[in-house]
Each structure stands twice: as C-alpha cells, then as structure tokens.
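Heads up: the sequence shown at position 200 corresponds to 203 in our numbering, and the numbers run straight through without jumps. A short write-up of the structure that comes next.
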Amino acid sequence: MIDKQWASATEAVADISDGASLAVGGFGLSGNPIALIEALLAQGTTDLRIVSNNCGVDDWGLGILLAAGRIRRMTSSYVGENKEFERQFLSGELELELTPQGTLAEKLRAGGSGIAAFYTQTGVGTQVAEGGLPQRYHPDGTVAVGSPAKDVRTFGLGDDAREYVLEEAITTDFALVHALAGDRYGNLVFNKAARNFNPLAAMAGRICIAQVEHLVEPGDLDPDRIHLPGVFVHRVVEVGADAPKRIERRTVAAEGS
C-alpha cells in the first residue's frame with residue numbers, strides 16, 4: 004500500500020489488541036504521540052507491554068494509560084516524573100525492565116535493522132549484567148521477579164581487553180510516533196529535540212503508526228530533510244499544527260536577570 008494516510012487516530016489504532024507490545028516515541032513530554040495514545044485509551048485496550056524512554060507524567064503522555072491500569076509492563080530508562088508509576092511498581096501492579104538509556108536506543112535501532120543482539124560495555128559489573136535488578140515486587144515489598152544474568156564476554160587483547168555485556172534487540176507489534184511533517188508515502192521529518200526516540204521506536208515496530216502535524220504530497224519533502232524513510236512507516240494520521248503539547252517542567256529566568 005503506497006498511500007498510507009488514515010482518516011483518524013481512532014481508525015489507525017483500532018487493531019491494537021489487548022496484550023500487544025508497543026514501541027512509543029518521546030522523551031519526557033517532547034515528541035509524545037498523544038493523539039494516538041488518547042485513541043488507544045478511548046478504545047479500552049489493556050494489558051499492554053510498552054517500550055519507551057519514560058512513561059509520561061500522571062496526566063499526560065503514556066501516563067494516562069498507566070493511570071487507567073492499561074499497562075502491564077514497561078521497558079524504560081527513566082521513570083522519575085510519574086508518582087503513579089512509582090506506586091504501581093512498588094506495589095507489584097506493574098512490571099519494569101529498567102534499561103540504560105543509550106542501550107535502550109540501540110536495542111530499538113538494532114531491532115529495526117534486523118540485528119538480533121549486540122555487545123556493549125554499558126552495564127558491565129552491575130545488576131544490569133549480573134542479574135537481580137527488581138522487575139516486579141510482591142505487595143509486601145519483597146522482590147517477586149528479578150532480571151536474569153546476561154552473557155558477558157571479553158573482547159580485545161592485552162591492555163585493550165574489555166568486558167562487554169550481551170543485549171538483545173527489541174521489536175514490537177506496533178510503534179506509535181509523532182512527527183512534524185510526513186507525506187502519504189510515510190516519509191517523516193521530526194522537529195529538533197522532538198526527534199529523540201521517535202525514529203528508533205518507528206523502526207522497531209512491525210506496524211508503525213505516525214501522527215504528523217502536517218501531511219503533504221509525495222515529493223513535497225526535500226529528500227535531504229527526511230529523517231525516517233517511509234519503508235519503516237505503515238500508517239500516517241494528520242493531527243494538525245495545533246496538536247496539544249505539554250512542557251514537562253517549565254523553567255524561566257527571574258525578571259531582570
């Protein structure tokens with residue numbers, strides 16, 4: 004299908020079923036595919052396994068799915084801005100695979116590139132490699148599920164020898180991403196910092212759904228400006244330039260400073 008435009012976010016996410024795995028773009032609240040998340044919330048999909056850098060905040064981004072009890076497992080690198088996330092994790096309601104941020108990015112990229120696994124120095128000598136990092140708690144606060152130990156190998160000779168830990172790539176059933184612009188063939192352009200995890204999440208999803216602020220005709224995008232080729236994108240929904248955006252933590256200078 005060359006024309007990948009869909010009429011609405013509701014229609015685009017309609018076949019995401021209970022128990023599905025999703026890679027979701029965004030960093031903090033920057034680049035969140037909020038229209039797709041809200042459509043997923045409205046249709047009642049539950050028991051989701053989500054891979055995303057973080058889980059939004061209590062009332063925005065993935066946080067609205069979390070607050071509704073729709074997420075079973077998160078694979079993330081940062082979870083510190085969401086009190087409900089903390090409560091669900093420590094009470095045993097939510098499973099968490101905590102992953103170093105750069106490793107998470109590479110796991111998504113590798114999955115989208117057909118690479119099964121890779122070795123990295125990140126995490127060597129810690130519970131990331133050795134196992135036992137809490138992934139789920141019992142209600143009484145004891146650890147119910149700990150992370151497994153990972154393969155560690157030494158590469159290099161002499162003084163250059165270093166230990167590396169094996170990390171498996173990530174692929175998911177679906178990906179939800181936000182872009183500044185896209186054409187009907189699925190080619191996407193992201194806006195500055197809102198690019199963040201969006202291209203990587205898109206690559207990892209077997210079916211990628213992109214919400215775009217501006218939908219243009221094929222050929223209207225400068226090929227040198229395209230950040231993600233349409234081969235990775237399967238559905239495109241236009242949400243408009245006035246799509247809501249939130250600032251996670253507003254910081255301003257004092258007057259006259």
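For glycine and all other residues, C-beta sits at the position ideal for the given N, C-alpha and C.
- In the displayed model, ALA182 falls within a strand according to three-state DSSP.
- For the 8 Å CB-CB criterion, GLY243 and ALA213 do not form a contact.
- TRP63 has VAL60 as its beta-bridge partners, per DSSP.
- Under the DSSP assignment, ILE118 falls outside any alpha helix (DSSP H); it carries neither an H nor an E label.
- In the structure shown, ALA147 adopts extended strand secondary structure according to DSSP, grouped into three states.
- Rounded to the nearest angstrom, the gap between the Cα atoms of PHE92 and ARG76 is 10 Å.
- Comparing alpha-carbon positions, the option among GLU220, ARG238 and VAL215 lying closest to LYS248 turns out to be VAL215.
- Within a 10 Å sphere around the beta-carbon of GLN46 sit fewer than 16 other beta-carbons, which makes this residue exposed.
- The three-state reading of DSSP puts ASP245 in coil, since its state is none of H, G, I, E or B.
- The segment 37-54 makes contact with the segment 63-73, as at least three CB pairs between them are under 8 Å.
- For MET206 and ASP143, the gap between their C-alpha atoms comes out near 39 Å.
- In the structure shown, ARG90 adopts helical secondary structure according to DSSP, grouped into three states.
- Excluding residues up to 5 positions away in sequence, ALA113, LEU169, GLU170, GLU171 and ALA172 lie with their Cβ nearer than 8 Å to the Cβ of ALA120 in the same chain.
- Annotation: ASP223 to SER11 spans about 22 Å, alpha carbon to alpha carbon.
- Judged by DSSP in its simplified three-state form, ASP154 adopts coil rather than helix or strand.
- Between the segment 218-235 and the segment 119-136 there are fewer than three inter-stretch CB-CB distances shorter than 8 Å, so the stretches are not counted as touching.
- With a cutoff of 8 Å on beta-carbon distance, GLY83 and TYR140 are scored as not near each other.
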